[in-house]
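Residue numbers (our numbering): 5 to 742. Input: a single structure, listed below in structure tokens.
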């Protein structure tokens, strides 16, 4: 079997068990075990099947067992576990994915199991010795030992990360052991453990790892708790249906949801995940629009002030540079995106993930702290050279941890003289650092919590998109992220205030299907809400559900009549479903509301033309020309209406003007029709040929387009045999000149 087939088999087993189709599930699990030839799993499976046969035996005899549901669910959980083991065994043996290749490597090299008690002791001893060294007044002498101790702790944290990531299914004792070790970890190790749990749970469901992750959701450290909540949401996308069969997990999660602020925090994380999902749009905008303008500004600054002392630069000179509209707009938009929490640095730092540091998976999730050994190696053994820079980078509220390390690692590529200057300018005495510290001290707790989850999501996004083997991991940002459909958190997100924010976010991110589902739910609770109706109508419209959109705009209009935006969108939808009579009424209402008569008269005229009321349409177009001056915008519809009225000479006058300007394929096609109506067949063929030249179509597509038009030309009473000859003449002409 290949990876796709084994995944399908594993998924099918879960579905069978969820539907209580145990007999079929036994066969499928047995087949899965056969792929691994593990006799112990067959024994476990046979034990469960014997239990099931006994249940069936007594059930067929009419024996009522009040515990039957509990027994069946317990059996289901046992079968889940057997299937998990068989699935993991196959992947460990045959899968080429990064996780499984690493698993095999560790087994083949007889890598000893991590001793959690020893890890905890290393952390304790290292912290105690560092505390003693901190009391020393001679930093230069103690620096090598301090570096060695920090390396020991970083290695212990990495071992703890890998132990969680590659551990097999836990039992209660395992959970307690990992929790005990967790308590001895530094904050950096505790933070990293959340990501290890996330990646491990994405590989395979594990009841006790989920218990541990839930514990961390209420951790007293915000850096841990907000990451754990984020990881929990991602895990629920994958395991929501499975978790429903574990009463202890459901009970623990229910208690967590009752905690203060949990609802608002989950909603914030949901919106941040949703925003990250569409980060490609921000990255494209940065690369195509904002960064080029900002680079122009940088070049302008360099050209204007080259050779000047930085303290002699005049404020008026800077104002002159920033008066450039495009540059100013780019800077302002960049600032707004940054303030909104958008990931504006992905395009920049994605080029800085090639350092060996990022080959180790745990380094994508390690929080940025000044004592990390890699930073000491960059800035000197006592880190005094870059102390100011490190403080600024540490305090940055806009850079995620991964990008902070990238920034510092990239400093190794900067020439020494420039590097020293940069470090000096960005030091702890800089205005930027003082502003950051002031904001940090004055910031409220909620904003800090929001920042933690937002920056963690940026770290996750970089891992799932930039890690060398990122395609081997389940990228949550490729999915729908419709958490409002996840049973375990549905109640949180279906509260009206939360749902309203999420629906608006989906609408803003152009996810119209999800937005319409949420607005439909909101309207089921609050039927007469104008804003919900208007937003739902727009979501329908963008999905091209024009009839539903028109009906919903009509309901919004009943609640709040004569709103210009609604009337315009409603009229547009009516036109899309050929309801020009209704669209005409709406444009007439708009004309009474707004002073922009030209636009509304034009739209009315277009509706009349589509309704084939050519007399009324001509009067409307003439009125536009009379009131607002002759415009090329009216030439085409006037020419067509006159053609349909068989006023060929007048129609020809307008087509002459059109062809003298910038004519399109449609213009030459219509002009050809006019010449056919005037029995000027050679001129008609010339016009049709020119239409083909401008069309960028192949011959077959053009013929289909040409034939569609000819079906509407019966009003001219032309001789069918003559038209057939004309059509053949055109085909000969085009095919000979292709």
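Note that CB positions come from ideal geometry on N, CA and C, so glycine has one too.
Nearest-angstrom Cα distance between residue i and residue j?
| i | j | result |
| --- | --- | --- |
| residue 356 | residue 287 | 15 Å |
| residue 433 | residue 412 | Interpretation of residue 433 is limited by its pLDDT of 46, a score under 50 that renders its predicted location unreliable; the figure taken from the coordinates is listed afterwards. Residue 433 and residue 412: Cα-Cα distance of roughly 19 Å. |
| residue 678 | residue 530 | 56 Å |
| residue 71 | residue 26 | 18 Å |
| residue 482 | residue 660 | 53 Å |
| residue 280 | residue 713 | 48 Å |
| residue 674 | residue 548 | 29 Å |
| residue 99 | residue 7 | 7 Å |
| residue 577 | residue 536 | 18 Å |
| residue 705 | residue 736 | 16 Å |
| residue 151 | residue 380 | 8 Å |
| residue 192 | residue 214 | 21 Å |
| residue 370 | residue 359 | 15 Å |
| residue 692 | residue 639 | 20 Å |
| residue 457 | residue 672 | 59 Å |
| residue 610 | residue 601 | 14 Å |
| residue 383 | residue 400 | 19 Å |
| residue 709 | residue 266 | 59 Å |
| residue 37 | residue 123 | 36 Å |
| residue 566 | residue 268 | 36 Å |
| residue 162 | residue 543 | 47 Å |
| residue 229 | residue 220 | 6 Å |
| residue 506 | residue 451 | 19 Å |
| residue 574 | residue 554 | 5 Å |
Is it buried or exposed, residue i, if we count other Cβ atoms within 10 angstroms and call 16 or more buried?
| i | result |
| --- | --- |
| residue 462 | buried |
| residue 316 | Bear in mind that a pLDDT of 46 at residue 316, under 50, signals an unreliable position, so the number given afterwards is only what the model happens to contain. Residue 316 comes out exposed. |
| residue 641 | buried |
| residue 121 | exposed |
| residue 47 | exposed |
| residue 813 | What the structure shows of the chain is the stretch from 5 to 742, and residue 813 is not part of that stretch, so it cannot be assessed. |
| residue 69 | exposed |
| residue 148 | exposed |
| residue 257 | buried |
| residue 175 | exposed |
| residue 367 | buried |
| residue 732 | exposed |
| residue 89 | buried |
| residue 579 | buried |
| residue 237 | buried |
| residue 264 | exposed |
| residue 750 | The requested residue 750 does not occur in the structure, where the chain is confined to residues 5 to 742. |
| residue 725 | exposed |
| residue 61 | exposed |
| residue 497 | buried |
| residue 144 | exposed |
| residue 739 | exposed |
| residue 73 | exposed |
| residue 728 | exposed |
Provide the residue span of the alpha helix (DSSP H) that contains residue i, from first to last.
| i | result |
| --- | --- |
| residue 636 | 636-648 |
| residue 146 | 143-170 |
| residue 222 | Segment: none, residue 222 is in no alpha helix (DSSP H) and carries neither H nor E. |
| residue 657 | 652-664 |
| residue 628 | 618-632 |
| residue 598 | Neither: residue 598 is in no alpha helix (DSSP H) and is coded neither H nor E. |
| residue 551 | 550-563 |
| residue 680 | 669-681 |
| residue 178 | 176-188 |
| residue 693 | 685-699 |
| residue 524 | 516-529 |
| residue 533 | First-last for residue 533: undefined, no H or E at that position. |
Any beta-carbon of chain C closer than 9 Å to the one on residue i?
| i | result |
| --- | --- |
| residue 345 | Checking the listed chains, one finds no chain C in this structure; it contains a single protein chain. |
Since residue i contacts residue j with CB under 8 Å, what's their CB separation in whole angstroms?
| i | j | result |
| --- | --- | --- |
| residue 363 | residue 472 | 7 Å |
| residue 195 | residue 231 | 6 Å |
| residue 217 | residue 201 | 5 Å |
| residue 197 | residue 189 | 7 Å |
| residue 10 | residue 94 | 5 Å |
| residue 594 | residue 568 | 7 Å |
| residue 240 | residue 492 | 5 Å |
| residue 613 | residue 645 | 6 Å |
| residue 407 | residue 102 | About 23 Å separates the two Cβ atoms, so there is no contact after all. |
query: Enumerated in chain order, which unbroken segments of the alpha helix (DSSP H) with a length of 4 residues or greater are wholly contained in the region 44-128?
result: 72-98 and 102-112
message: Quick check on the DSSP output: what are the complete alpha helix (DSSP H) runs of length 4 or more inside the region 459-514, in order along the chain?
response: 491-497 and 500-512
- request: Please specify which runs of the beta strand (DSSP E), each continuous and at least 3 residues long, are wholly inside the region 339-408, giving them in chain order.
  value: none
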